[in-house]
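Right, one structure below, let's go through it.
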Amino acid sequence: MLYIRALEMALETLEMALEKAGICFDISVKRSGIDHEQRIPGLMYADHIVITANNSGELQKLHNSGELQKLLQLCGEIGEELKLEFSHEKSGYMAFNDRQGEPLTIQNKQIESVCKYKYLGVWFNTGHHYLKKQEEILMQKARRNSAVIKKQGVMGVQYV
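Here it is as structure tokens:
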């Protein structure tokens, strides 16, 4: 229980740092003709962290000022406090509709630019047809699962 509270506090610290830095993704909506501004600083679930920005200009400005690397440093420090080590093999950064920039580092490990990544079961990619790609992945899974169910039905396995 203590570990979970420490993780919550660490994520709150990271969230505040992201908001202070101004790195947020705009998800504003219009309801009944009234704009409702909403911005999320990132996606955080357990030990998964996605830092988001509305456009490359925001990230580039932070990168040029050194603030982006400071945020990544904070991620690394929080991870070390919680005895978590970032896996550079499982980490990456991605720019949508933009050229790939310089590599970044967390815990003195280089984080490479990637064209796609999977976050909580959903694939993200930098291609123009990313929704079509996601649909193809879902169709492959549906066909595979359908075949498994048919095979189990032939073998006499019944579902309750």
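What the sequence shown shows, in the working numbering, is residues 966 to 1125, in sequence order.
The beta carbon of each residue, even a glycine, is placed where N, CA and C say it ideally should be.
Here the structure is a predicted model, which is why all the values come from computation and not from measurement.
When the Cβ atoms of the stretch 1026-1045 are set against those of the stretch 1069-1076, are three or more pairs found closer than 8 Å?
yes
Please confirm if the stretch 1047-1059 is in contact with the stretch 996-1007, defined as three or more CB-CB distances below 8 Å between the two stretches.
no
For LYS1026 and MET981, the rounded distance between their alpha carbons
On the sequence shown, position 16 is the one that residue 981 refers to. On the sequence shown, position 61 is the one that residue 1026 refers to. Roughly 19 Å between the two C-alpha positions.
I'd like the list of long-range same chain contacts for CYS1080, defined as Cβ closer than 8 Å, with 5 residues on each side in sequence excluded.
Locating residue 1080 in the sequence shown gives position 115, where the first residue counts as 1. Closer than 8 Å at the Cβ level, and outside the excluded window around CYS1080, lie MET1059, ASN1090, THR1091 and GLY1092.
Three-state secondary structure (DSSP) of ASN1029
As a position in the sequence shown, residue 1029 is number 64, starting the count at 1. Reduced to three states, the DSSP call for ASN1029 is helix.
Kindly indicate which three-state DSSP category GLN1075 falls into: helix, strand or coil?
The residue given as residue 1075 occupies position 110 in the sequence shown. The answer is strand: DSSP assigns GLN1075 an E or B state.
Quick check: the Cα distance between SER1111 and LEU1103, rounded to an integer number of angstroms?
Here residue 1111 refers to the residue found at position 146 of the sequence shown. Here residue 1103 refers to the residue found at position 138 of the sequence shown. So the two alpha carbons sit approximately 12 Å from each other.
Which residue's Cα is closest to the Cα of LEU983: ARG1108, LEU1036 and SER1030?
Indexing the sequence shown from 1 puts residue 983 at position 18. Comparing Cα-Cα distances from LEU983 to each of ARG1108, LEU1036 and SER1030, the minimum goes to LEU1036.
Please report the straight-line C-alpha distance between LEU979 and GLY1086, rounded to a whole angstrom.
One-based indexing of the sequence shown puts residue 979 at position 14. One-based indexing of the sequence shown puts residue 1086 at position 121. Near 23 Å, if we compare the C-alpha coordinates of GLY1086 and LEU979.
Could you work out which residue in TRP1088, LEU1096 and GLY1057 is closest to SER1078 when comparing CA atoms only?
For the purposes of this step, residue 1078 is identified with residue 113 of the sequence shown, where counting begins at 1. Comparing Cα positions, the closest option is GLY1057.
Excluding the 5 residues preceding and the 5 following LEU1033 in the sequence, name in chain order all residues of the same chain whose CB lies nearer than 6 Å to its CB.
What you label residue 1033 is simply residue 68 of the sequence shown in a count that begins at 1. LEU1027.
Can you tell me which of the three DSSP states LEU979 falls into?
The sequence position of residue 979 within the sequence shown is 14, counting from 1. DSSP places LEU979 in helix when its eight states are reduced to three.
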